[in-house]
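Student:
In my numbering, the protein residues as written are 7 to 286.
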């Protein structure tokens, strides 16, 4: 008998949540129904009036490489900073009614790009435009780095030329009989001449990079498309209705819970006010 009673108590405990849900729905079915219908109608009307959005996903990679300079090392381009910069550029991508959202993955160092457009044909040809726009956007920061490196290279070149002139002047003042000193100065002059030649090469390379900025950008900050999805169809009307109804019902349940808590909240606030008045 005791076991049977215990078994029934366990069954009642298991059914208690279900009973509470049924009671909740039976007490508030009118409000739930009205709110659900109203919100569903608004959501469905909005989805039908809004233009259908086709989607396409791209996975991009931007792996920057260094510029081989002879003397002054070119500032290293951080891959994570490049990825973050690419996301910033891609977020502002707009072409042929296409909007974009991008996210950089620090582990894979890849960029996930989601594209949306009411025109499916524009998404079919969007990949080359994405690469082209990124290359164009990357030219500005690379141009600034080139200008800074060129300024440093020209400054070093000027100093080396001054140093070489001083060596030549010292050599002219040393007697021909001072062979060790002359040999030391000749070695220093040779090093200075080699450094000047290397700096002139770097200067020419940087200047050519400024003239052909697009080509250099494509080499130093290459944009690659690792994967490209097919154009995805927008949700069907039936799917939109189901999603709208489910979302509206959840919102209605939350609204009922808040509404049921209002009297209790008012009571607590009123009691608190009475207690303060009593204390006074």
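For every residue, glycine included, the Cβ atom is placed at its ideal position computed from N, Cα and C. In this text the structure is predicted, and so the values were computed from the model without any measurement.
Which same chain residues end up closer than 8 Å to residue 237 when comparing Cβ atoms and leaving out the 5 residues on each side of it in sequence?
Tutor: 60, 61, 62, 126, 129 and 130
Student: Between the stretch 156-176 and the stretch 201-210, do at least 3 Cβ pairs fall closer than 8 Å?
Tutor: yes
Student: Leaving out five residues on either side along the sequence, give the residues of the same chain with a beta carbon under 6 Å from the beta carbon of residue 232.
Tutor: 65 and 67
Student: With three or more beta-carbon pairs closer than 8 Å as the criterion, would you say the stretch 139-148 touches the stretch 93-103?
Tutor: yes
Student: Could you check whether the Cβ of residue 40 sits closer than 7 Å to any Cβ belonging to chain D?
Tutor: Protein chains in the displayed structure number just one, and chain D is not present.
Student: From this set, 135, 176, 121 and 228, which residue's C-alpha is nearest residue 239's C-alpha?
Tutor: 121
Student: Where does the unbroken beta strand (DSSP E) through residue 122 begin, and where does it stop?
Tutor: 116-123
Student: Restricting to Cα atoms, I'd like to know which of 43, 134, 48 and 89 is closest to residue 114.
Tutor: 89
Student: Between 103, 123, 124 and 87, which has its C-alpha nearest residue 109's C-alpha?
Tutor: 87
Student: I believe residue 73 touches residue 226 by the beta-carbon criterion, under 8 Å. Please report the beta-carbon distance rounded to the nearest angstrom.
Tutor: 6 Å
Student: Let me confirm a value: residue 39 is counted as buried when at least 16 other C-beta atoms fall within 10 Å, else exposed. Which label applies?
Tutor: Exposed, by the Cβ-count rule.
Student: Taking the straight line between their C-alpha atoms, what separation do you get for residue 257 and residue 58?
Tutor: 25 Å
Student: Give every residue of the same chain whose Cβ lies closer than 7 Å to the Cβ of residue 212, excluding the five residues on either side of it in the sequence, and list them in chain order.
Tutor: 152, 155, 156 and 159
Student: Report the option in 77, 81, 254 and 91 whose CA atom is closest to the CA atom of residue 45.
Tutor: 254
Student: Leaving aside the five residues before and after residue 10 along the sequence, list all residues of the same chain whose C-beta is less than 7 Å from its C-beta, in chain order.
Tutor: Residue placement at residue 10 cannot be trusted, given a pLDDT of 48 that sits under 50; the coordinates are not used to answer.
Student: Alpha carbon to alpha carbon, how far is residue 12 from residue 112?
Tutor: Its pLDDT being 46, under 50, residue 12 is placed unreliably in this model, and the coordinates cannot settle the point.
Student: Put residue 230 into one of helix, strand or coil per three-state DSSP.
Tutor: strand
Student: Buried or exposed: residue 217, going by 16 or more other Cβ atoms within 10 Å of its Cβ?
Tutor: exposed
Student: What is the DSSP secondary structure of residue 264, counted as helix, strand or coil?
Tutor: helix
Student: If you run the structure through DSSP and keep just helix, strand and coil, what is residue 108?
Tutor: strand
Student: Can you tell me whether residue 84 is buried or exposed, with buried defined as 16 or more other CB within 10 angstroms of its CB?
Tutor: Exposed, because fewer than 16 other Cβ atoms sit within 10 Å of the Cβ of residue 84.
Student: Measure the alpha-carbon distance for residue 182 versus residue 194 and round it to whole angstroms.
Tutor: One C-alpha to the other measures close to 17 Å.
Student: Answer yes or no: do residue 148 and residue 42 have a C-beta to C-beta separation smaller than 7 Å?
Tutor: no
Student: If you count every other CB in all the chains shown that lies within 10 Å of the CB of residue 208, and 16 or more means buried, which is it?
Tutor: buried
Student: Considering only residues of the same chain and omitting the five flanking positions on each side of residue 7, which have a CB-CB separation below 6 Å?
Tutor: The pLDDT assigned to residue 7 is 48, lower than 50, so where the model puts this residue is not dependable, and the model offers no usable value.
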